[in-house]
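See below for the structure under consideration.
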């Protein structure tokens with residue numbers, strides 16, 4: 001436990017694949033330590049920490065690129081007849097903004113970056129279950145990301161059909177360029193990357209937990225990553241196969257998603273009757289895409305719920321309130337999320353509205369449980385407002401607003417007049433920005449000391465937070481209003497006589513405030529790089545296992561482990577007199593904080 | 607805007623909808639387990655932890671909802687259109703109910719978050735009581751939302767059936783969306799209106815009666831959306847969607863494609879002109895007497911491809927500044 005910035009400590013006998021890190025079996029897997037160094041080391045590593053950092057750095061770069069695209073979109077919309085970009089460029093911009101943010105930032109940052117780094121530490125494992133597969137995941141992700149960006153350089157430009165690629169707009173007839181094919185390839189690559197990461201997460205969490213780390217002692221972040229991993233395995237294969245079928249439609253003459261050559265007989269006053277034997281189905285794409293797409297929303301949200309659930313207890317100095325309820329809420333969200341995809345299709349006229357409406361509304365229940373648990377965790381705590389906690393409170397408020405409007409959208413009659421308008425744009429940005437950005441950067445500020453052994457500047461962190469917080473509400477609240485007034489999404493221009501400009505201008509101003517806040521983050525990272533402030537092993541008085549090891553952790557993570565008797569092993573080790581309590585039980589020995597020992601009540605003991 | 611200005615007139619369509627307003631009065635107070643004000647203070651031992659604050663908020667919320675309910679139809683619009691069709695008015699009532707219910711939940715949770723943040727900020731370097739479970743409380747905040755959601759679903763279900771009901775009709779319009787324009791064909795009268803992009807083709811329909819719309823697409827997926835009708839529906843190739851429009855306030859309403867459909871999606875406007883029955887008949891006769899502009903969708907699209915259309919467009923051009931620099935990718 002030193003306070004200086006150390007290179008990873010080499011451990012005697014940190015054997016690969018054995019989850020008792022202190023085992024001295026004399027047969028050590030030291031290829032990392034004695035092997036290549038520098039760039040070659042980075043290229044050949046199978047260390048989950050290096051791969052996790054690579055994931056995070058790559059996804060953050062893509063986040064900045066996609067953010068700049070968002071600024072381009074906002075500049076175009078600042079005036080009714082915006083001429084900052086052409087229609088074609090605008091369509092490419094919002095397609096790539098959505099694709100980068102959703103496929104290449106929000107998911108990979110969480111399940112590729114933070115989960116890769118943190119989950120093995122939290123369960124006391126030396127690495128992921130399949131280290132080489134893990135490396136393959138990253139390289140697939142990197143090549144997929146580069147492939148997607150290369151779309152801008154092919155003839156005809158990048159994909160321009162929105163991140164959902166609705167058929168038949170995405171067919172070769174209506175989008176003939178190579179940009180669409182590059183987009184499909186990129187998603188196939190990153191899709192496999194996600195599937196492999198899902199396998200790795202599930203395998204690691206089921207099989208590599210340290211002695212004493214039972215399932216119900218895992219931190220909520222790890223629980224959420226387990227459920228996310230399972231959801232990835234449910235959702236991503238559907239996307240990947242749907243994309244392959246789309247590729248076949250585009251190049252091999254299949255008609256899976258289009259109705260070209262499909263005969264219809266339209267008679268006066270009667271609906272046209274498609275001949276089913278000759279028809280593909282554009283709706284099939286929507287069904288397949290959203291069967292991926294809605295679980296994907298929770299693949300993007302659950303990890304960030306997990307981050308908030310790690311941070312709020314630490315800065316409130318209390319255990320997670322309703323730990324088991326939290327776990328079951330996560331599972332309920334995941335289960336429900338596989339049955340709500342058609343709420344993206346209410347206006348297609350071909351889905352069973354009541355079923356999907358009811359299931360969508362029901363998701364509010366486990367989400368509400370999480371909210372009350374987060375509030376319960378803060379209740380009667382000792383809340384300290386360092387940067388990670390501020391970002392978590394920002395997440396709570398943003399996600400609350402996004403969640404409430406989500407309940408409104410779950411009612412088909414309301415969805416009919418808000419679907420595909422800026423109301424929906426505001427809703428999902430509040431949800432996704434609330435989770436992936438507020439909670440995601442809370443996680444970055446929270447675990448940065450663990451990853452690099454140095455602190456980020458708290459003062460600059462607060463500047464980052466407050467600028468982003470103001471910019472966030474300024475950007476997205478006007479979009480609800482302009483959406484209700486009837487402004488459709490994905491328009492490059494809008495009539496000037498409808499009074500929409502003021503709302504768009506507010507949004508644009510807000511977007512630039514957010515951009516400034518992220519410049520502050522860059523300054524903060526630069527300062528921490530140039531003038532490191534040592535962090536120590538446990539700067540926040542953390543609860544979970546990762547705060548027990550050094551910062552940064554040694555090659556195979558642990559030289560020794562504390563006893564794991566609850567879901568807060570590090571807290572238990574540092575505060576043996578303050579175990580978790582059930583409501584109504586008295587603090588052991590006396591009033592809280594007096595330091596006197598007592599019997600442990602209601603704490604699971606192995 | 608047009609939906610807001612005219613004073614609300616008593617129409618047959620108001621009967622069912624004002625009922626649903628009355629029904630929504632119960633939404634606010636339903637969420638608390640004990641809906642009646644006077645009985646709230648005695649709400650059980652488990653409330654002791656968060657004593658008067660919660661019940662005080664319930665009372666405030668219930669009082670606010672009741673106050674809003676007493677004003678009846680004078681509820682604010684909460685940003686949405688009141689609805690120019692009977693279907694849109696039904697959807698609008700549901701919107702009001704959801705907005706009130708959502709606001710109550712939002713304010714309660716917001717208050718709890720802010721209260722916790724302010725009240726329990728760190729004031730001393732002590733370790734608080736490490737309470738982790740409170741079973742009764744956890745059950746309560748699971749069961750109450752379930753009940754709440756089921757009530758919301760009940761209203762949703764009823765409204766949804768009203769909005770989607772396809773009842774008897776006299777006038778039928780076949781609407782076909784294409785890249786990038788609209789065709790309105792009247793099969794009973796052999797009349798067709800067709801226009802692309804900013805020409806704003808107008809669908810003329812009689813007001814105060816159910817008009818049946820058959821909605822199709824000639825190419826990709828489009829969205830038929832009239833903001834003031836509180837309604838939109840996809841136009842999809844291979845699918846014919848049908849719905850009724852019953853415009854209760856005659857007037858001209860702007861419509862626009864909402865589902866992204868390619869290069870000129872932003873310019874795919876149309877209008878709906880709801881006129882009296884006699885005006886509609888006159889319009890039909892006028893159209894029939896005109897030499898049919900035998901324009902087809904294919905012809906209209908060929909004009910798009912050649913660029914001739916945009917050069918000759920006049921009239922209600924909303925924007926053209928970016929058009930010149932764009933390149934056409936669609937229209938194979």
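Protein chains in written order, with our numbering: chain A, 1 to 606; chain B, 607 to 938. Each residue gets a CB set at the ideal place from its N, CA and C atoms; glycine is no exception.
Worksheet item: Using DSSP with H/G/I as helix, E/B as strand and the rest coil, what is residue 530(A)?
Response: helix
Worksheet item: What are the residues of the region 355 to 368 of chain A that lie near chain B, defined by any Cβ-Cβ distance shorter than 7 Å?
Response: 357, 358, 361, 362, 364, 365 and 368
Discussion item. Tell me which residues of the region 741 to 755 of chain B have at least one Cβ-Cβ distance to chain A shorter than 7 Å, keeping chain order.
Written reply: 744, 747, 748, 751, 752 and 755
Worksheet item: Taking only beta-carbon atoms, is residue 540(A) less than 9 Å away from chain B?
Response: no
Discussion item. Which residues in chain B have a C-beta closer than 7 Å to the C-beta of residue 414(A)? List them in chain order.
Written reply: 697, 700, 701 and 704
Worksheet entry | is_contact[residue 376(A), chain B] using C-beta, thresh 9 Å | yes
Worksheet entry | chain A contact residues for residue 838(B), given Cβ-Cβ distances below 8 Å | 347, 416, 417, 419 and 420
Discussion item. Need the endpoints of the beta strand (DSSP E) that residue 851(B) sits in, please.
Written reply: 847 to 851
Item to complete: Check distances from the C-beta atoms of the region 864 to 875 of chain B to those of chain A and list, in chain order, the residues that come in under 7 Å.
Response: 864, 865, 866, 867, 868, 869, 870, 871 and 872
Fill in: Whole-angstrom distance between residue 57(A) and residue 528(A), CA atom to CA atom
15 Å
Worksheet item: At which residue ranges does the region 728 to 782 of chain B contain complete alpha helix (DSSP H) runs of 4 or more residues, listed in the order of the chain?
Response: 741 to 770
Worksheet item: Helix, strand or coil: how does DSSP classify residue 798(B) here?
Response: strand
Discussion item. Quick check on residue 579(A) - is its C-beta less than 9 Å from some C-beta in chain B?
Written reply: yes
Fill in: Given residue 77(A) as reference, the closest of 894(B), 872(B) and 903(B) once Cα atoms are compared
872(B)
Worksheet item: Using a Cβ-Cβ distance under 9 Å, would residue 109(A) count as near chain B?
Response: no
Fill in: Boundaries (first-last residue) of the beta strand (DSSP E) holding residue 553(A)
Note, residue 553(A): premise wrong, no beta strand (DSSP E); not H, not E.
Worksheet entry | Uninterrupted beta strand (DSSP E) stretches inside the region 478 to 509 of chain A (no shorter than 3 residues) | none
Worksheet item: Which residue's Cα is closest to the Cα of residue 418(A): 830(B), 874(B), 742(B) and 789(B)?
Response: 830(B)
Item to complete: Report yes or no: do the region 219 to 229 of chain A and the region 132 to 152 of chain A share at least 3 C-beta pairs separated by less than 8 Å?
Response: no
Worksheet item: Counting only beta-carbon atoms, is residue 253(A) nearer than 9 Å to chain B?
Response: no
Discussion item. With a threshold of 8 Å, are at least 3 pairs of Cβ atoms found where one atom belongs to the region 362 to 371 of chain A and the other to the region 427 to 440 of chain A?
Written reply: no
Worksheet item: Nearest chain B C-beta to residue 248(A) closer than 9 Å, yes or no?
Response: no
Fill in: Coarse secondary structure for residue 858(B), derived from DSSP in three states
strand
Practice prompt. Round the Cβ separation of residue 546(A) and residue 201(A) to the nearest angstrom and send it over; I've been treating them as touching at under 8 Å.
Written response: That belief does not hold up - the Cβ atoms of residue 546(A) and residue 201(A) are roughly 16 Å apart, past 8 Å.
Worksheet item: Among all the DSSP beta bridges, which residues are the ones paired with residue 829(B)?
Response: 840(B)
Fill in: Cβ shell of residue 189(A) (< 8 Å), same chain only, five flanking positions each side left out
140, 141, 143, 144 and 147
Discussion item. Tell me which residue opens and which closes the alpha helix (DSSP H) that residue 289(A) is part of.
Written reply: 282 to 316
Fill in: Inter-residue Cα distance where the pair is residue 106(A) and residue 436(A)
6 Å
Worksheet entry | Contact the region 480 to 488 of chain A vs the region 421 to 428 of chain A: 3+ CB pairs below 8 Å | yes
Worksheet item: Which of the three DSSP states, helix, strand or coil, is assigned to residue 70(A)?
Response: helix
Worksheet item: When burial is assigned at 16 or more other CB atoms within 10 Å of the CB, is residue 502(A) buried or exposed?
Response: exposed
Worksheet item: In chain order, what residues of the same chain have a beta carbon less than 8 Å from the beta carbon of residue 405(A), not counting five sequence neighbours either side?
Response: 423, 426, 427, 430 and 480
Worksheet entry | Other residues of its chain near residue 70(A): CB distance less than 7 Å, five sequence neighbours each side excluded | 97 and 511
Worksheet item: For residue 716(B), which residues in chain A fall below 8 Å Cβ to Cβ?
Response: 397 and 400
Item to complete: Anything in the region 485 to 512 of chain A with a Cβ closer than 9 Å to a Cβ of chain B? List those residues in chain order, please.
Response: 485, 486, 487, 488, 489, 490, 491, 492, 493, 494, 495, 496, 497, 498 and 499
Practice prompt. Look at the alpha carbon of residue 244(A) and the alpha carbon of residue 457(A), and state the distance between them as a whole number of angstroms.
Written response: 46 Å
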